[in-house]
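Sequence order for the protein chains is F and D.
Numbering-wise (our numbering), the first sequence opens with residue 1 and increments by one.
Numbering-wise (our numbering), the second sequence opens with residue 181 and increments by one.
There are 2 protein chains.
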Amino acid sequence: MEAYRCILTKREVRTFLPQEVPQETILQILEAGRWSGSSRNRQPWHFVVVRDRQRLRQLAQFGRFARHVADAAFAVAVVVEAERDAFDAGRCAQNMMLAAWALGIGSCPTVMHSEAQAKEFLGIPPSRKLAIVLAFGYPAKKRKSLAERAVYRVLLGKGRKPLAEIVSWERFGATKFEVQ
Amino acid sequence: MEAYRCILTKREVRTFLPQEVPQETILQILEAGRWSGSSRNRQPWHFVVVRDRQRLRQLAQFGRFARHVADAAFAVAVVVEAERDAFDAGRCAQNMMLAAWALGIGSCPTVMHSEAQAKEFLGIPPSRKLAIVLAFGYPAKKRKSLAERAVYRVLLGKGRKPLAEIVSWERFGATKFEVQ
């Protein structure tokens, strides 16, 4: 898949086919995380891969919106050293999710609201921070039709804010865009 | 550029050619940030684009390792609502930097250590958080030779930790990988 297209089309996927992801594909996705840049190249991350179905179901109980983790082909818990590594964790997670998307695999970042319990379950030392859990799997739903997507966008507030609303030029608030 | 290749080859670039990036290319890069996923699709970001050379030089003074910002073709200050948005800011920044990379443009995330001053300079309300400044431009250096890269990796601790060192299976610390 072409890179720019991959970035623009990537959507969060929460409904997965009951189909395993080959181990070499999992490794390719982890490799994309491994090569992420980080502040002073500290690479503050550790990835805990969960593939066991029973463990995925248990893991799903630690987040308020984590039910889809139970049905994922696998999950990757991104563990970092401290809270200040959240930005780098985001870069690293995006790398893995985009690599997955390019390989036809959907994903969704999932917050573990009961972080202490999730960490205990995963064997993560209390001193480390569980930045996020990424759920991965082959998407179960077909691409929505244009009409469905319009409804989804309007009723559920999906889609994105227009660029004109989120971009300033030279100074915050100077949103007027002049074509040069 | 193919997506997976783009993700794996992306490196931080701090030395830029004195060459402008066309406005439509800047917009393409911003668009990649706009389409990033975020927690509950809140899209907590605002992008302040700085292109004026004098302002880029001034901006470069607010970070301890930000000298390259002075030579960038443009910079994007990623402003978010609060500290908790750092993870989403990382996803969004990675989208923009990968899109740039696919378009032949290098980039480097740059911390503004004097955050309050940088915010004032950019006109960012005190209530918002300046997550990062991304410097963009056409890379000035040719790709390093294999020998140069080996030296760089060994002497400067560049490259990345091996996958076996940063991945656990099912539980943190269970790093033994068994081929299935």
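Beta carbons are placed, not taken as given, at the ideal position from N, Cα and C, and that holds for glycine.
- Just so you know, the alpha carbons of Ser-38 of chain F and Val-193 of chain D end up roughly 13 Å apart.
- Bounds of any beta strand (DSSP E) do not take in Lys-299 of chain D; it lies within the alpha helix (DSSP H) bounded by 295 to 302.
- Only those residues of the segment 25 to 54 of chain F whose C-beta falls short of 8 Å from the nearest C-beta of chain D are listed: Leu-27, Gln-28, Leu-30, Glu-31, Ala-32, Arg-34, Trp-35, Ser-36, Gly-37, Ser-39, Asn-41, Gln-43, Trp-45, His-46, Phe-47, Val-48, Val-49, Val-50, Arg-51 and Asp-52.
- Nearest C-alpha to Glu-115 of chain F among F:Gln-19, F:Ser-127 and F:Ser-107: F:Ser-127.
- Annotation for Ala-240 of chain D: no beta strand (DSSP E) segment contains it, and DSSP assigns it neither H nor E.
- Scanning the segment 249 to 288 of chain D from its first residue to its last, the whole beta strand (DSSP E) runs of 3-plus residues come out as 254 to 260.
- Residue nearest to Val-69 of chain F within the set F:Glu-31, F:Phe-16 and F:Ile-105 is F:Phe-16 (criterion: CA-CA distance).
- Taking 9 Å as the cut-off between beta carbons, the residues of the segment 128 to 141 of chain F near chain D are Arg-128, Ala-131 and Ile-132, in sequence order.
- Checking the DSSP bridge columns, you'll see Val-291 of chain D has no partner listed.
- Burial of Asn-95 of chain F is indicated by the presence of at least 16 other C-beta atoms within 10 angstroms of its C-beta.
- Put simply, the segment 233 to 245 of chain D does not touch the segment 198 to 205 of chain D. Fewer than three CB pairs are less than 8 Å apart.
- Per DSSP, the beta bridge partners of Leu-310 of chain D are D:Val-259.
- The Cβ atoms of Ile-132 of chain F and Val-111 of chain F sit closer than 8 Å to each other.
- Look at Gly-37 of chain F here: in three-state DSSP terms it is coil, with no helix or strand label.
- Linking Val-167 of chain F to Ala-320 of chain D through their CA atoms gives a straight-line distance of about 27 Å.
- For Arg-185 of chain D, the enclosing alpha helix (DSSP H) covers residues 183 to 189.
- The alpha-carbon separation between Gln-234 of chain D and Ala-257 of chain D amounts to approximately 16 Å.
- One Cα belongs to Gly-173 of chain F, the other to Glu-165 of chain F, and the distance between them is close to 9 Å.
- For Ala-246 of chain D, no chain F residue has a Cβ inside 7 Å of its Cβ, as the nearest lies near 13 Å away.
- Pairing Ala-330 of chain D with Arg-271 of chain D, the inter-Cα distance amounts to about 30 Å.
- Contact of Arg-340 of chain D with chain F by beta-carbon distance below 7 Å involves Arg-34, Trp-35 and Gln-43.
- Residues Cys-6 and Lys-10 of the same chain have their beta carbon placed closer than 6 Å to that of Trp-101 of chain F, with the five preceding and five following residues left out of the count.
- DSSP places Glu-165 of chain F in the uninterrupted alpha helix (DSSP H) bounded by 163 to 166.
- The C-beta distance from Cys-288 of chain D to Ala-315 of chain D rounds to 5 Å, short enough to fall under 8 Å.
- Between Gln-223 of chain D and Arg-214 of chain D, the alpha-carbon positions lie close to 8 Å from each other.
- A straight line joining the alpha-carbon of Lys-299 of chain D with that of Leu-310 of chain D spans about 7 Å.
- Distance check between Met-181 of chain D and each of D:Ile-285, D:Asp-232 and D:Val-260 places D:Ile-285 closest, using alpha-carbon atoms only.
- Residue pairing by DSSP places Phe-47 of chain F opposite F:Val-78 and D:Val-347 in a beta bridge.
- Along the segment 82 to 108 of chain F, going in chain order, the ones with a CB nearer than 7 Å to a CB of chain D are Ala-86, Phe-87, Asp-88, Ala-89, Gly-90, Arg-91, Ala-93, Gln-94, Asn-95, Leu-98, Ala-99 and Ala-102.
- At a cut-off of 8 Å between beta-carbon atoms, Met-181 of chain D makes contact with chain F.
- Taking Val-80 of chain F as the centre and dropping the five residues before and after it, the same chain places the C-beta of Pro-44, Trp-45, Ala-89, Lys-129 and Ala-131 closer than 6 Å to its C-beta, in chain order.
- Listed along the chain, the chain F residues whose CB falls inside 7 Å of the CB of Ser-294 of chain D amount to none; the nearest CB is some 17 Å away.
- Around Leu-98 of chain F, the same chain offers Cys-6, Ile-7, Lys-10 and Ala-32 as residues with beta carbons nearer than 8 Å, after the five sequence neighbours per side are excluded.
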